[in-house]
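> Using my numbering, the first residue of the sequence shown is number 38, and each one after it goes up by one.
Every residue gets a Cβ at the ideal spot worked out from N, C-alpha and C, and that includes glycine.
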Amino acid sequence: MASLSLEDVRNETVDLSTVTVDEVFKTLKCDKKGLSEAEGENRLKLFGPNKLEEKKESKLLKFLGFMWNPLSWHMPVNKYAGQEVFSGSTVKQGELEAVVIATGVHTFFGKAAPLVDSTNNVGHFQQVLTAIGNFCIISIAAGMLVEIIVMYPIQHRAYRDGIDNLLVLLIGGIPIAMPTVLSVTMAIGSHKLSQQGAITKRMTAIEEMAGMDVLCSDKTGTLTLNKLTVDKNLIESFVKDVDKDGVVLYAARASRTENQDAIDASIVGMLADPKEARAGIQEVHFMPFNPVDKRTAITYVDSDGTWHRVSKGAPEQIIDLCGLREDVRRRVHGIIGKFADRGLRSLAVARQSVPERSKEAKGAPWQFLAKADIGIAVDDATDAARSASDIVLTEPGLSVIVSAVLTSRAIFQRMKNYTIYAVSITIRIVLGFMLVALIWKFDFAPFMVLIIAILNDGTIMTISKDRVKPSPKPDSWKLDEIFATGVVLGTYMALVTVVFFYLAHDTDFFTETFGVHPIRDNDRQLMAALYLQVSIISQALIFVTRSRSWSFVERPGFLLLFAFFAAQLVATAIAVYADWDFCDMEGIGWAWGGAIWAFTLVTYLPLDVLKFIIRYSISGKGWNNTAFTNKKDYGRGEREALWAREQRTLNGLSQPAGSDLLSSTEERSDIAAEAAKRAEIARLRELHTLKGHVESVVKQKGIDIDAIPQNYTV
């Protein structure tokens, strides 16, 4: 092949898949050691990153794609040395080393990817954010339209005053911090999940896990202990010249010594030294486990130069491989059944000689060596499973899954709390300031709304670390609940602001009630008073939306509580001391500040009641027990007794005399007694199984159990 440059490779003037490996190394100017870091950077600049270009999805091509069945392209094919393997392929059987000749859009499938796929997919989370954002924008636009119609054609307000009022709605109504708050919440939650052993490859998987209502799990490694042991004492040998230690050695030879799976590791671990698995032999060929053959096999040459082959795997596969007689088959199946009754899995080992001295040779007839019991558990997921998953668990068992689900629900609850808060604030800002501006022709300063937004958004960022109670049931984005709650709470706060302004502007209510000086004719001080009232109740709303019960019962996180009081202390200081001519505001003093705090506290309490009413109206169910009974579950005993009655037939128990199971305490006691009897029978069965396992282990270890002090008796 003529000398070619990397530019020629980039322009695909040469097909590297058709040349030898040595020529590939020469053309790519590399060797088996790979590339240096500097050369890797140069190749990255020349060929570009290993990713697909993001292009818009063609709806027509997507529709036409359903008309084509690509099944024939997905069937396994054999690949040999020197042949091309496509990027993204999964090796079904065997192993190999390969040279990368193309990346990203330069690969075979990368060239076709822009036609059938796109990496710019809009997830459900983005759709929810878009829906909430559209709702807020429509609300703001409607409020601004009403103000424009009323202020200019009807009230003939000054142009600049009208612009200020429109800016108030625009600045205060748009939930600018929503993407940041939700992203930070998910990022912190993802970090917490990783500490618990659940690594999220996609942050939006958190909300999907929070809404999971069915968990499908395999038994091995999740419901079991994820431990694998081989019981040598239970090995059944079928060849006279091979003892149990010999069977273990043959099984170890048919196991991989590197990159082991759980089965191979446990079998090799039975040897005194793992190196014995390859000691004194020369490995010619090793066939790794695959789901088709369901066995492993090794062809090797011993120290005498004799060729042998050993295979281990599923009993049925080894039985068919050896062609056992019917009586031997029945004996083997009997042993399998005996192991299965104890919850153990069987493996079979066979051997043969290879007089042809070739790894492809059929060899002499197979000899069925033994049946060994083994407990199987997968320690780690396969690479294919990890690649396809959104959340990877780094610890075995279901406990990490349960912890991940509860944590995901808590994270989702924080996001849901904020979205309700954001919608409520949009409604209260738009409706409240619109009514004040149109009824009293009072022009609130846009700068003061900006301060409210800055303080509130800065405080609300701490919700990502808030203490929340996760939903007891799978949760999801219920937009009707979010919008309904936001509209009702926002409307209430807007009306409270209107009432406050009316009392301060048109009456002497605060003067007579709290003994403060009147501010009826002082628009500058009215500006400060209105600012403080809006700031306090707007930010206090987060305590209502974050709680499932009464807001003063569920303690918030320290960081959120500290941020709230710090922000409102700043807001109170501004209202008390500020004398700002650029926004026509004058301080109102501490007496008015205290009066506004008291008024806000009183008007804050009905927010919880409104929250319960909305929840009741949407769900159609009774009042939440957490609101009025402090989580006491009245009637639980009667429900459990009713459930027990329904289960009597399933458990083979006779129905009690009389039609009403709940009519007497005696009948409920009978149910409890019978349940206790069934539990005792189940316990004794478990102890019997445990006793057999203990005796097996004691026999295997050669321990005298009578000589050991025992605290428990089996």
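(1) Determine, using beta-carbon pairs with one atom in the segment 509-519 and one in the segment 478-491, whether at least three such pairs fall under 8 Å.
(2) Helix, strand or coil for LEU384 per DSSP?
(3) In terms of residues, what are the limits of the alpha helix (DSSP H) holding ALA224?
(4) Give the DSSP bridge partners of TRP617, in chain order.
(5) Where DSSP assigns a beta bridge to SER348, which residues make up the other side?
(6) Would ILE243 and ILE448 qualify as a contact pair, given that the criterion is a beta-carbon distance under 8 Å?
(7) Enumerate in chain order the residues of its own chain whose CB-to-CB distance from VAL473 is below 8 Å, with the five nearest sequence positions on each side excluded.
(8) Contact between the segment 341-348 and the segment 296-311 is defined here as three or more beta-carbon pairs at a separation below 8 Å; is this criterion met?
(9) When the Cα of VAL571 is compared with those of THR548, ARG583, TRP634 and VAL524, which residue comes out closest?
(10) Below 8 Å between beta carbons: does that hold for LEU492 and VAL607?
(11) Can you grab the Cα-Cα spacing for the pair VAL276 / ILE372, in whole Å?
(12) Anyone know if the C-beta pair for ILE574 and TYR458 falls short of 8 Å?
(13) Between LEU43 and LEU83, is the Cβ-Cβ spacing less than 8 Å?
(14) Roughly how many angstroms lie between the CA atoms of ARG332 and ASP357, to the nearest whole one?
(15) Per DSSP, GLU320 forms a beta bridge with which residues?
(16) Quick one: is LYS453 buried, meaning 16 or more other Cβ sit within 10 Å of its Cβ, or exposed?
(17) For SER395, count neighbouring C-beta atoms within 10 Å of its own C-beta (all shown protein chains included) and say buried if the count is 16 or more, exposed if not.
(18) How would you call PRO555, buried or exposed, if buried means at least 16 neighbouring beta carbons within 10 angstroms?
(19) With distance defined between alpha-carbon atoms, name the residue in GLU353, LEU133 and ASP330 nearest to GLY119.
(20) How many Å lie between GLN192 and TYR455 at the Cα?
(21) Between VAL415 and PRO643, what straight-line distance do the alpha-carbon atoms span, to the nearest angstrom?
(22) Quick check on the DSSP output: the alpha helix (DSSP H) that includes THR528 runs from which residue to which?
(23) Suppose you measure from the CA of LYS129 to the CA of GLN232; what does that come to, to the nearest Å?
(24) Measuring only the C-alpha atoms, how far is ASP420 from THR144?
(25) How about GLY523 and LEU468: do their beta carbons lie closer than 8 Å?
(26) Could you check the C-alpha separation between PHE599 and GLY226 for me, to the nearest Å?
(27) Quick one: residues in its chain with C-beta nearer than 6 Å to the C-beta of MET307, no 5 flanking neighbours on either side, listed in chain order?
(28) Let me make sure I understand the geometry here. Which of PRO593, GLU397, VAL391 and ALA351 has the alpha-carbon closest to that of LEU384?
(29) Just the Cα atoms here: how many angstroms apart are THR548 and ASP250?
(30) Out of ILE272, VAL525, VAL183 and VAL321, state which residue places its alpha-carbon closest to the alpha-carbon of LYS375.
(31) Taking 8 Å as the cut-off, decide whether the C-beta atoms of PHE595 and THR496 are in contact.
(32) Rounded to whole angstroms, what is the Cα-Cα separation between VAL279 and GLN404?
(33) Sorted by chain position, which residues of the same chain lie with C-beta nearer than 7 Å to ASP68's C-beta, five sequence neighbours on each side aside?
(34) Check for me: the beta strand (DSSP E) holding ILE236 runs from which residue to which?
(35) Of the choices ASN79, ASN327 and CYS173, whose alpha-carbon is the least far from that of THR127?
(36) Alpha carbon to alpha carbon, what distance is there between PHE484 and ALA615?
On the basis of the supplied data:
(1) When Cβ pairs closer than 8 Å are counted between the two stretches, the segment 509-519 is seen not to touch the segment 478-491, the count staying below three.
(2) For this step, residue 384 is matched to residue 347 along the sequence shown. Three-state DSSP puts LEU384 in a strand.
(3) As a first step, residue 224 must be located in the sequence shown, where it is residue number 187. In the DSSP assignment, ALA224 falls within the alpha helix (DSSP H) that extends over 215-232.
(4) Along the sequence shown, read from residue 1 onward, the residue named residue 617 stands at position 580. Answer by DSSP bridge pairing, in chain order: MET622.
(5) The residue you call residue 348 lines up with position 311 of the sequence shown. Its beta-bridge partners are ALA334 and ALA387.
(6) Translated into positions along the sequence shown, residue 243 becomes position 206. Translated into positions along the sequence shown, residue 448 becomes position 411. Yes, they are a contact pair.
(7) By 1-based counting over the sequence shown, the position of residue 473 is 436. PHE479, PHE481, THR534, VAL535, PHE538 and LEU567.
(8) Cβ pair count under 8 Å is below three, so no.
(9) Within the sequence shown, the letter at position 534 stands for residue 571. The candidate whose alpha carbon is nearest that of VAL571 is TRP634.
(10) Residue 492 sits at position 455 when you count from the first residue of the sequence shown. Residue 607 sits at position 570 when you count from the first residue of the sequence shown. Yes, these two residues count as a Cβ contact at 8 Å.
(11) As a working note, residue 276 is residue 239 in the sequence shown. As a working note, residue 372 is residue 335 in the sequence shown. Computed Cα separation, rounded: 16 Å.
(12) The count along the sequence shown starts at 1 and reaches residue 574 at position 537. The count along the sequence shown starts at 1 and reaches residue 458 at position 421. Between ILE574 and TYR458, the C-beta gap is not smaller than 8 Å, which leaves the two residues out of contact.
(13) Within the sequence shown, the letter at position 6 stands for residue 43. Within the sequence shown, the letter at position 46 stands for residue 83. Yes, Cβ-Cβ distance for LEU43 and LEU83 is below 8 Å.
(14) What you label residue 332 is simply residue 295 of the sequence shown in a count that begins at 1. What you label residue 357 is simply residue 320 of the sequence shown in a count that begins at 1. Cα to Cα, ARG332 sits roughly 12 Å from ASP357.
(15) Here residue 320 corresponds to residue number 283 of the sequence shown, with the count starting at 1. Answer is TYR337.
(16) Counted from its first residue, the sequence shown places residue 453 at position 416. Classification of LYS453: buried, given that the 10 Å Cβ count is 16 or more.
(17) Within the sequence shown, the letter at position 358 stands for residue 395. With fewer than 16 Cβ atoms within 10 Å of its Cβ, SER395 is classed as exposed.
(18) The residue you call residue 555 lines up with position 518 of the sequence shown. With a 10 Å radius around the Cβ and a threshold of 16 neighbouring Cβ atoms, PRO555 comes out exposed.
(19) As a first step, residue 119 must be located in the sequence shown, where it is residue number 82. Looking at the Cα atoms, LEU133 is the closest of the given residues.
(20) What you label residue 192 is simply residue 155 of the sequence shown in a count that begins at 1. What you label residue 455 is simply residue 418 of the sequence shown in a count that begins at 1. Their backbone Cα atoms lie some 37 Å apart in a straight line.
(21) What you label residue 415 is simply residue 378 of the sequence shown in a count that begins at 1. What you label residue 643 is simply residue 606 of the sequence shown in a count that begins at 1. Residue confidence is low: VAL415 scores 34 on pLDDT, short of 50, so the model does not pin down where it sits. Its coordinate-derived value is still stated next. One C-alpha to the other measures close to 55 Å.
(22) The residue you call residue 528 lines up with position 491 of the sequence shown. 516-543 is the span of the alpha helix (DSSP H), which, as asked, contains THR528.
(23) The count along the sequence shown starts at 1 and reaches residue 129 at position 92. The count along the sequence shown starts at 1 and reaches residue 232 at position 195. If you take the alpha carbons of LYS129 and GLN232, they lie about 33 Å apart.
(24) Sequence index remark: in the sequence shown, residue 420 carries index 383 (1-based). Sequence index remark: in the sequence shown, residue 144 carries index 107 (1-based). Reliability fails at ASP420, whose pLDDT of 49 lies under 50, so the model's placement of it is uncertain and the value that follows must be treated cautiously. If you draw a straight line from the Cα of ASP420 to the Cα of THR144, it comes to about 21 Å.
(25) For the purposes of this step, residue 523 is identified with residue 486 of the sequence shown, where counting begins at 1. For the purposes of this step, residue 468 is identified with residue 431 of the sequence shown, where counting begins at 1. Cβ distance not < 8 Å, so GLY523 and LEU468 don't count as in contact.
(26) By one-based count along the sequence shown, residue 599 stands at place 562. By one-based count along the sequence shown, residue 226 stands at place 189. Each residue's Cα considered, the two are about 21 Å apart.
(27) The residue given as residue 307 occupies position 270 in the sequence shown. Shown here for MET307: same chain residues with a beta carbon closer than 6 Å to its own, the five before and five after excluded, namely VAL267 and VAL285 in chain order.
(28) Taking the first residue of the sequence shown as position 1, residue 384 is located at position 347. That would be ALA351, whose Cα lies nearest to the Cα of LEU384.
(29) Residue 548 sits at position 511 when you count from the first residue of the sequence shown. Residue 250 sits at position 213 when you count from the first residue of the sequence shown. The alpha-carbon atoms of THR548 and ASP250 are separated by roughly 57 Å.
(30) For this step, residue 375 is matched to residue 338 along the sequence shown. Among ILE272, VAL525, VAL183 and VAL321, the Cα nearest to that of LYS375 is on ILE272.
(31) Locating residue 595 in the sequence shown gives position 558, counting from the first residue. Locating residue 496 in the sequence shown gives position 459, counting from the first residue. Contact: no.
(32) The sequence position of residue 279 within the sequence shown is 242, counting from 1. The sequence position of residue 404 within the sequence shown is 367, counting from 1. Using only the alpha carbons, I get a separation of about 11 Å.
(33) Along the sequence shown, read from residue 1 onward, the residue named residue 68 stands at position 31. Result list for ASP68: PHE62, in chain order.
(34) As a working note, residue 236 is residue 199 in the sequence shown. For ILE236, the uninterrupted beta strand (DSSP E) segment begins and ends at 235-237.
(35) Within the sequence shown, the letter at position 90 stands for residue 127. Across the set ASN79, ASN327 and CYS173, the C-alpha of ASN327 shows the shortest separation from the C-alpha of THR127.
(36) Along the sequence shown, read from residue 1 onward, the residue named residue 615 stands at position 578. Along the sequence shown, read from residue 1 onward, the residue named residue 484 stands at position 447. Those two C-alpha atoms are separated by around 13 Å.
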